[in-house]
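Position 152 of the sequence shown, counted from 1, bears residue number 152 in the numbering used here, the numbering being contiguous throughout.
C-beta atoms are modelled at their ideal positions from N, C-alpha and C, and glycine is treated no differently.
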Amino acid sequence: MTSEKLDGNPLEAQWSRVLDKLRGEIGEAAFQSWLKPMIVRELRDGRLRVAVPTRFMRDWTLTHYAERMERAWKAENPEVAAIEFMVQSELTGRVGTDNRVPRLPTATAVAPVRPRTATTSVDGRDSLSAPLDPRCTFGNFVVGKSNEFAYAAAKRVAEAETPTFNPFFLYGGVGLGKTHLMHAIARHIGERHPERSVVYVSAEKFMYRFIRALRERTTVDFKEHFRSVDVLLIDDVQFISGKGSTQEEFFHTFNALVDQGRQIVISADKSPSDLEGIEERLKSRLNCGLVADIHATTFELRLGILQSKAEQLAVEVPRKIMEFLAHKITGNVRELEGALNRVVAHAQLVGRDISLENTQDVLHDLLRASDRRVTIEEIQKRVSEHFNIRLHDMHSARRARSVARPRQIAMYLAKLLTIRSLPEIGRKFGGRDHTTVIHAVRKVEELKSSDASFAEDVELLRRMLEA
Ligand code: ADP
Ligand code: MG
Numbered sequence: 001m002t003s004e005k006l007d008g009n010p011l012e013a014q015w016s017r018v019l020d021k022l023r024g025e026i027g028e029a030a031f032q033s034w035l036k037p038m039i040v041r042e043l044r045d046g047r048l049r050v051a052v053p054t055r056f057m058r059d060w061t062l063t064h065y066a067e068r069m070e071r072a073w074k075a076e077n078p079e080v081a082a083i084e085f086m087v088q089s090e091l092t093g094r095v096g097t098d099n100r101v102p103r104l105p106t107a108t109a110v111a112p113v114r115p116r117t118a119t120t121s122v123d124g125r126d127s128l129s130a131p132l133d134p135r136c137t138f139g140n141f142v143v144g145k146s147n148e149f150a151y152a153a154a155k156r157v158a159e160a161e162t163p164t165f166n167p168f169f170l171y172g173g174v175g176l177g178k179t180h181l182m183h184a185i186a187r188h189i190g191e192r193h194p195e196r197s198v199v200y201v202s203a204e205k206f207m208y209r210f211i212r213a214l215r216e217r218t219t220v221d222f223k224e225h226f227r228s229v230d231v232l233l234i235d236d237v238q239f240i241s242g243k244g245s246t247q248e249e250f251f252h253t254f255n256a257l258v259d260q261g262r263q264i265v266i267s268a269d270k271s272p273s274d275l276e277g278i279e280e281r282l283k284s285r286l287n288c289g290l291v292a293d294i295h296a297t298t299f300e301l302r303l304g305i306l307q308s309k310a311e312q313l314a315v316e317v318p319r320k321i322m323e324f325l326a327h328k329i330t331g332n333v334r335e336l337e338g339a340l341n342r343v344v345a346h347a348q349l350v351g352r353d354i355s356l357e358n359t360q361d362v363l364h365d366l367l368r369a370s371d372r373r374v375t376i377e378e379i380q381k382r383v384s385e386h387f388n389i390r391l392h393d394m395h396s397a398r399r400a401r402s403v404a405r406p407r408q409i410a411m412y413l414a415k416l417l418t419i420r421s422l423p424e425i426g427r428k429f430g431g432r433d434h435t436t437v438i439h440a441v442r443k444v445e446e447l448k449s450s451d452a453s454f455a456e457d458v459e460l461l462r463r464m465l466e467a
């Protein structure tokens, strides 16, 4: 619970007494999730430094437990004047960081939390660059069918000694990981080559800077700055559409950098050819490197992302809940993350386990948005996914229990959730007779009343299918 360096240190004993006290106050569940993962680093000049695994946990702890912790500590050890929470991943993920207590970034228990403000040599040493989110690394990026190409290309760009794909153009819908990959590239290069100047900036910021330079008559400086970078990453380039003079400047900067063999990485919400309000010559320039797109997420990817996020939050989320969320929140990754955070925060707040019921309660607004009618095809698809059988077996004549039972459940749900008649349902299940459907419905009802876990499975499926 405390770092090795504190072995035999009175701080350790004090910490465990404080923890015991807090455990009594906030309850076991909240204790396990929020306080247990903390590591006390040191006490220096009245400031107690505590490391927590993630930024989310730090923010949560600050708003919910910081005061309580401070009180408990002061009672235990009057030397403690304030507590400083630091994010563990930001410490260990940094190059050249040994076990020293790092200088940056930290947020104290009293200071307001400002996310995405780290500035160190890696996090945008250049004043031109926006800070990089330490969570957006290649390691934290969950790869699936929809983003594997973009991921592989981004990695190649980050690892290349000289630019091979120039420019690297990354595009896709909102919240699908473009910015994440750009930060990952910038961080990777910055860590490997501290001597290189890496600038990550949003197109909006670029535009703003340029306009300011025009106003302050410092455009020469502006040009020099941007044209001397080794790697330039410009995010959301669709924002410069229609802005004539900024585009012009961007175009020249772009050409100058490419001609000097510097790497350029660009993101947008559309492919270069589909970008509106961008000059043709710029479009064709954007098209001549490597273009990679990120597609809409798949169920498997959403599930993978939820698992990874739950791990980062250090909370146990039942698999069924994750499946439910992955089925329901199909928009983008940001929404998915938001939903998980809400469910977790709610469960911690009311001190209850995460259940399907309270998940639905907490997310009712999000879930209602995905309201729609269920079809038999959808039911068959969901049920076969759930039981891990082939969709084909919904129609096949196979009678093995492993496929017959899911098929019966699908028929039951079809009866329950659609307005189709029994003969219609039968036909959709490989041309079966309506008496087979009746038999299936009875069988499922019977099993539901005799087997609680079976009933729960069916209920879960029903909830997933129902809007
Ligand atoms: P975009 O820039 O495409 O709008 P972001 O990169 O900002 O999207 O992604 C939105 C959120 O989802 C971020 O918190 C990001 O870390 C997360 N995210 C997106 N894709 C993935 C992924 N494949 N694995 C893990 N996190 C992801
Ligand atoms: Mg983005």
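- Annotation for residue 334 indicates a beta carbon within 7 Å of some heavy atom of the ligand ADP.
- A straight line joining the alpha-carbon of residue 292 with that of residue 351 spans about 44 Å.
- Each residue's CA atom was taken as its position, placing residue 334 and residue 181 some 14 Å apart.
- Per the CB criterion, closer than 7 Å to any heavy atom of the ligand MG, the qualifying residues run in chain order as 178, 179, 235, 236 and 267.
- Residue burial annotation: residue 364 is exposed, with fewer than 16 other C-beta atoms found within 10 angstroms of its C-beta.
- Counting only runs of 4 or more residues that sit fully inside the region 341 to 377, the alpha helix (DSSP H) segments are 356 to 362 and 364 to 369, in chain order.
- The ligand ADP never approaches residue 139 closely enough for any of its heavy atoms to be under 7 Å from the residue's Cβ.
- For residue 452, the uninterrupted alpha helix (DSSP H) run begins and ends at 452 to 465, by DSSP.
- With a threshold of 16 other beta carbon atoms within 10 Å, residue 167 meets it and is buried.
- Closest in alpha carbon position to residue 359, among 398, 21 and 340, is 340.
- In this structure, DSSP gives residue 65 a state outside helix and strand, which the three-state scheme calls coil.
- Per the coordinates, the alpha-carbon of residue 213 lies some 12 Å from the alpha-carbon of residue 205.
- The region 138 to 154 makes no contact with the region 207 to 226; the number of CB pairs closer than 8 Å stays below 3.
- Rounded to the nearest whole angstrom, the CA to CA distance from residue 438 to residue 426 is 9 Å.
- Note: residue 42 is bridge-paired with 49 in the DSSP secondary-structure output.
- A distance below 8 Å between beta-carbons, with the five flanking residues on each side excluded, links residue 225 to the following residues of its chain, in chain order: 128.
- Assignment of beta-bridge partners to residue 202 by DSSP yields 235.
- In this structure, the straight-line span from the alpha carbon of residue 69 to that of residue 208 is close to 43 Å.
- Collapsing the DSSP output to three states places residue 292 in a strand.
- Taking C-beta atoms as the reference points, residue 262 and residue 230 count as a pair closer than 8 Å.
- The C-beta separation of residue 11 from residue 52 comes to about 17 Å, leaving the pair out of contact by the 8 Å criterion.
- If you check the CB distance, residue 175 and residue 295 do not come in under 8 Å.
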